[in-house]
Amino acid sequence: MTQKFLRKPALALPLAALAFAVTSACAAPVVGPSGIAFYTAPASTTGVHGDLISYRTATVNLGANAPATKAWNVMYQSTDSVGAANVVTGTVIVPTTTWAGTGERPIIAYAVGTHGLAQPCAPSLQLAGGTDYETANIAAALKAGYAVLVTDYAGYTTGSTPTYLAGASQGNAVLDIVRAASQVPSVGLSATAKTAIWGYSQGGQSASWAAERKATYAPSLNLVAVAAGGTPADFITTAKYLDGSNGASFLFGGVIGLAEQYPTAIPLDTLANANGQAAVARGKNQCVFESLFDLMNHSLSEYTVGNQSLDQLLTVPAINATLKAQNLGATKIPVPLYQYHGQADEFIPIEQHVDLKKKYCSKFSNVTFDVYPSEHIVTQFQAAPTVLTWLGDRFAGKSTLGTCLTFNAEPKSTANPNKGNFVVSLKSWPLTATVGLKTLAQTVYLPTTSTFSAETDITAQRLTGSLSVPNFSQSIKILGIGSQVGLKITPVGDATGTVTLDNAGQLHVHGMAKANISVTSLSGLPIGECKTVTPVEFPINFDGPVSSLGNGNLTFTGTTTFPQLKGCGVSAILSAVMSGPGQTYSFTVAPPAPKKY
Numbered sequence: 057m058t059q060k061f062l063r064k065p066a067l068a069l070p071l072a073a074l075a076f077a078v079t080s081a082c083a084a085p086v087v088g089p090s091g092i093a094f095y096t097a098p099a100s101t102t103g104v105h106g107d108l109i110s111y112r113t114a115t116v117n118l119g120a121n122a123p124a125t126k127a128w129n130v131m132y133q134s135t136d137s138v139g140a141a142n143v144v145t146g147t148v149i150v151p152t153t154t155w156a157g158t159g160e161r162p163i164i165a166y167a168v169g170t171h172g173l174a175q176p177c178a179p180s181l182q183l184a185g186g187t188d189y190e191t192a193n194i195a196a197a198l199k200a201g202y203a204v205l206v207t208d209y210a211g212y213t214t215g216s217t218p219t220y221l222a223g224a225s226q227g228n229a230v231l232d233i234v235r236a237a238s239q240v241p242s243v244g245l246s247a248t249a250k251t252a253i254w255g256y257s258q259g260g261q262s263a264s265w266a267a268e269r270k271a272t273y274a275p276s277l278n279l280v281a282v283a284a285g286g287t288p289a290d291f292i293t294t295a296k297y298l299d300g301s302n303g304a305s306f307l308f309g310g311v312i313g314l315a316e317q318y319p320t321a322i323p324l325d326t327l328a329n330a331n332g333q334a335a336v337a338r339g340k341n342q343c344v345f346e347s348l349f350d351l352m353n354h355s356l357s358e359y360t361v362g363n364q365s366l367d368q369l370l371t372v373p374a375i376n377a378t379l380k381a382q383n384l385g386a387t388k389i390p391v392p393l394y395q396y397h398g399q400a401d402e403f404i405p406i407e408q409h410v411d412l413k414k415k416y417c418s419k420f421s422n423v424t425f426d427v428y429p430s431e432h433i434v435t436q437f438q439a440a441p442t443v444l445t446w447l448g449d450r451f452a453g454k455s456t457l458g459t460c461l462t463f464n465a466e467p468k469s470t471a472n473p474n475k476g477n478f479v480v481s482l483k484s485w486p487l488t489a490t491v492g493l494k495t496l497a498q499t500v501y502l503p504t505t506s507t508f509s510a511e512t513d514i515t516a517q518r519l520t521g522s523l524s525v526p527n528f529s530q531s532i533k534i535l536g537i538g539s540q541v542g543l544k545i546t547p548v549g550d551a552t553g554t555v556t557l558d559n560a561g562q563l564h565v566h567g568m569a570k571a572n573i574s575v576t577s578l579s580g581l582p583i584g585e586c587k588t589v590t591p592v593e594f595p596i597n598f599d600g601p602v603s604s605l606g607n608g609n610l611t612f613t614g615t616t617t618f619p620q621l622k623g624c625g626v627s628a629i630l631s632a633v634m635s636g637p638g639q640t641y642s643f644t645v646a647p648p649a650p651k652k653y
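Residue numbering for the sequence shown follows my numbering, starting at 57 and increasing by one per position.
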């Protein structure tokens, strides 16, 4: 009986499609109030999903390098996971520059990842405040000229609780914001413009649900492509992986969100013990990073009446059916799909996403799957350039064969143990580095094969790393005479320091790397080894968005002092031109390239 109830919306989809095609009888959208009053939902709604209820101009803070934009907050009608009408808020962002391509400006419906259950966590509010951790990806899409529509998902209106991880509701909200945005006066967007959907983590789930529901729920949408990464496709597998892990907050948030959507199937008030009731109240007032550290390594059994474990709860038919109702893979994706996942993902197991690829391929979907080398957060931002290039090709009408037919080995997880501290491993990440020699006014470029490895223990707030720089030579003018100078950079001990991730998603790294610098030859002639008498100290300091871990903006810059060089016959000359304070450096580390699967 429960299963039939959960699947009822799927049976009713032809009626939903019919309703979508009928002209709405609801009142015209109105300009909404300023401040938090905008988030007060109307007592009732009429019309159909995708109808715009209210709108207002907005300011979004996407960072210093973001393009100029126009923005609006929107409130629109959508549909929850059991087929009932609901009200959702979001943000419409359009570049001020004229679209340079052919046809109408394309649209990306951007499905955000986990933000947290408190109202201030809503993407629309965080975008206004400049605190949204996904602004780097959104800004990149805007730089490409696309309009970007960001749904908050259901539950951020005043007095509501997000139905976090309720798949159909999230997918509907992603689809409906496209039609709603086109109704904003003077927005310059068409409901028939080429549209792509892009999401990661919770957003990957939402993007995939939107893709599966598109044909029946929003048949007139001109969808050309979907990109979905880090997707929790099998809920029971993912829940078991998260329980008692460093990502336990995502499971706990999912319990709250699904209980909100399915209160009969998951009666949270009777399932939660006193500790659980307190944690629920606390969770509803936290954003993602605060919740992450609060619930790290806690098991669900700590919060249930009788300390029932997840396995015990899954024996309850209604709970089991509710989780299975969120699973993906039952429907062919009608447009090309780009899936991607971090092989070292510590939150969402890669194997269950690979299984989703197989399900889609078995239904003759056009799927491309890329495997990125790092963990969950890094992959979200590393993938952005590839995603945007791939989506750009689909907007341009280029075909793609996909990778359903592949002879590459199936990827297996390389994640760090997910029980215990939250550790991000940088395994031989490419290092782009320069050193500016003050006296000579010249720049030394380290070899492109240089790497940086590190273990960043976010829980313990500890960084331990090492540089690897092959011996190299570079043309340097010394006393006005050009010479090919052989150089050797030898790390002294590990790079050490502190690393923290604050509740606003800002990464803070402060430490020190030390290395001896040697000159080994001049114009190809060995000179012994002129080495700094003490190691050169390179402070490694960074304060910026966590997205920098993946998008190539993790850069350490500063000035340092080169000690005297000793050990060869020309050490006095070399010291005169290469030693002293005021030497500059820039070290940028980025994750290795992905692989196809």
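Cβ coordinates follow ideal geometry from the N, Cα and C atoms, glycine included.
Owing to the predicted nature of the structure, the values given are computational and were not obtained by experimental measurement.
May I have the straight-line CA-CA distance separating Ser80 from Asp107, to the nearest angstrom?
Confidence at Ser80 is low in this model, with a pLDDT of 38, below 50, so the placement of that residue should be treated as unreliable; the coordinate-derived value is given next. About 7 Å.
With DSSP as the reference, please indicate the residues paired to Asn527 in a beta bridge.
Looking at the DSSP assignment, Asn527 forms no beta bridge with any residue, so it has no partner.
Skipping 5 residues on each side, what residues in its chain have a beta carbon closer than 6 Å to that of Lys52?
Residue 52 cannot be examined here, being either before or after the span of the chain that is shown, 57 to 653.
Would you give the residue range spanned by the beta strand (DSSP E) that Ala281 belongs to?
279-285
Using the DSSP secondary-structure output, state which residues sit across from Phe612 in a beta bridge.
Phe643
Suppose you measure from the CA of Ala200 to the CA of Glu407; what does that come to, to the nearest Å?
32 Å
Just the C-alpha distance for Ser574 and Asn609, rounded to the nearest angstrom, thanks.
29 Å
Where DSSP assigns a beta bridge to Met131, which residues make up the other side?
Ser110, Thr145
With Leu351 and Phe308 assumed to form a contact (beta carbons below 8 Å), what rounded beta-carbon distance in angstroms separates them?
5 Å
In the DSSP output, which residue or residues are listed as bridge partners for Ala497?
Answer is none; Ala497 lacks a bridge partner.
In terms of residue numbering, what span does the beta strand (DSSP E) encompassing Pro547 cover?
537-547
Assign Cys624 to one of three DSSP states: helix, strand, or coil.
coil
To the nearest angstrom, report how far apart Phe528 and Lys544 are at their CA atoms.
7 Å
Would you decide whether Leu118 is buried or exposed? Buried here means 16 or more other CB atoms lie within 10 Å of its CB.
buried
Determine the direct distance from the alpha carbon of Phe612 to that of Ser627, and round the result to whole angstroms.
29 Å
Using a Cβ-Cβ cut-off of 6 Å (strictly less than) and excluding sequence neighbours within five positions of Thr495, which residues of its own chain qualify?
Val633
List in chain order: all unbroken alpha helix (DSSP H) runs of 4+ residues lying wholly within the stretch 394-428.
406-418
Could you check if Glu466 is buried or exposed, using at least 16 other CB atoms within 10 Å of its CB as the buried criterion?
exposed
Coil, strand or helix - Phe508 by DSSP
strand
Mind checking who Thr564 pairs with in its DSSP beta bridge?
This sequence places His at residue 564; Thr is not what is there. Answer by DSSP bridge pairing, in chain order: Thr556, Asp599.
Check whether chain D comes within 9 Å of Ile389, counting only Cβ atoms and requiring the distance to be less than that.
Absent from the structure: chain D. Only one protein chain is present.
Helix, strand or coil: which one does DSSP assign to Ala77?
Bear in mind that the predicted position of Ala77 carries a pLDDT of just 38, short of 50, making it too unreliable to give a figure here.
Residue nearest to Thr651 in terms of C-alpha spacing, selected from Pro473, Val372, His397
A small correction: the amino acid at residue 651 is Lys; Thr does not occupy that position in the sequence shown. Considering only alpha carbons, the answer is His397.
For Pro151, count neighbouring Cβ atoms within 10 angstroms of its own Cβ and tell me buried if that reaches 16, exposed if not.
buried
On a CA-only basis, which of Pro241, Thr154, Gly103 is nearest Ala141? Give me that one, please.
Gly103
Quick one, are the C-beta atoms of Thr576 and His566 less than 9 Å apart?
no
Phe594 - DSSP class collapsed to helix/strand/coil
strand
Can you give me the C-alpha to C-alpha distance between Val204 and Thr617, rounded to a whole angstrom?
46 Å
Does DSSP put Asp208 in a helix, a strand or coil?
strand
Taking DSSP as the reference, what is the three-state secondary structure of Leu482?
strand
Where Phe451 falls, given that 16 or more other Cβ within 10 Å makes a residue buried
buried
Please identify the residue among Gln540, Thr552, Phe594 whose C-alpha is closest to the C-alpha of Leu578.
Gln540
Where Phe618 sits in the DSSP three-state scheme
strand
Does DSSP put Gly332 in a helix, in a strand, or in coil?
helix
Using only the alpha-carbon positions, how far apart do Arg269 and Asn228 sit?
8 Å
Evaluate Thr378 with the Cβ neighbour count: other Cβ atoms within 10 Å of its Cβ, from every protein chain shown; 16 or more gives buried, anything less gives exposed.
buried
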